[in-house]
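Colleague: Residues in the sequence shown are numbered from 33 upward in steps of one, following the working numbering.
Backbone N, C-alpha and C fix where the C-beta goes; we use that ideal spot for every residue, glycine too.
Note that the structure is predicted; figures quoted are calculated from it, not measured.
Pasting a structure here, questions to come.
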Amino acid sequence: MPASGVSAAAIAARLSALGLPTRTEERTRHTSVEAEVPDALSAESWREVLDAVAEADRFGLLATSMNGRTLWAVVRKAVPTTGDVGGPSYQR
33 MPASGVSAAA IAARLSALGL PTRTEERTRH TSVEAEVPDA LSAESWREVL
83 DAVAEADRFG LLATSMNGRT LWAVVRKAVP TTGDVGGPSY QR
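Below is the structure:
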C-alpha cells in the first residue's frame, strides 16, 4: 500500500473509532477518505475528528439537506522523482 494509503487508513481508523462510518478509495494522485457525520456529534468528538483529518493534505465537510453531512479528506500520493513525472501527455 502506498504511503498515502497508509496515512488515509490511519485517518479512517481514527474516524471509525469515533463511531463514524468511513469509506477509503485509491485514486490516481491521492487516497480519499469519506465519513458520514451524524447531526448529534459532541464538541469533544468534533475536536477529535478535526485532529484526525488535520493529518490529510486537504479536508472539508459537505452538508446538504438531502444527504446529511459527509466529511472528506485527501492524502496526496508522492510525486515521482524521476521518469515520466508529467504523465503520458506531458511535453518537455
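Which runs of the beta strand (DSSP E) at least 3 residues long sit entirely within the stretch 75 to 117? Give them in chain order.
Modeller: The stretch 75 to 117 contains these whole beta strand (DSSP E) runs: 90 to 96, 100 to 108.
Colleague: Are Leu94 and Ala67 close, meaning C-beta to C-beta below 8 angstroms?
Modeller: Position 62 of the sequence shown holds residue 94. Position 35 of the sequence shown holds residue 67. No, these two residues do not count as a Cβ contact at 8 angstroms.
Colleague: Spell out the partners DSSP gives Ser64 in its beta bridges.
Modeller: Here residue 64 corresponds to residue number 32 of the sequence shown, with the count starting at 1. In the DSSP output, where bridge partners are listed per residue, Ser64 has Glu57, Val106.
Colleague: Can you check which of these residues, Thr56, Pro70, Asp71, is closest to Ser64 by C-alpha distance?
Modeller: For the purposes of this step, residue 64 is taken as the residue at position 32 of the sequence shown. Comparing Cα-Cα distances from Ser64 to each of Thr56, Pro70, Asp71, the minimum goes to Thr56.
Colleague: Which residue from Val107, Ala110, Thr96 puts its Cα closest to that of Val69?
Modeller: Looking up residue 69 in the sequence shown gives position 37. Ranking the options by Cα distance to Val69, first place goes to Thr96.
Colleague: If the criterion is Cβ atoms closer than 8 angstroms, does the pair Arg108 and Asp89 meet it?
Modeller: Position 76 of the sequence shown, counted from the start, is the residue given in the question as residue 108. Position 57 of the sequence shown, counted from the start, is the residue given in the question as residue 89. Yes, they are a contact pair.
Colleague: Among Ser77, Arg61, Ala40, which has the Cα closest to the Cα of Thr54?
Modeller: Position 22 of the sequence shown, counted from the start, is the residue given in the question as residue 54. Considering only alpha carbons, the answer is Ala40.
Colleague: Using a Cβ-Cβ cutoff of less than 6 angstroms, which residues in the same chain neighbour Ala105 once the five nearest sequence positions on both sides are dropped?
Modeller: For the purposes of this step, residue 105 is taken as the residue at position 73 of the sequence shown. If we look at Ala105 and ignore the five residues flanking it on each side, its Cβ neighbours are Ile43, Val65, Val85, Ala88, Phe91.
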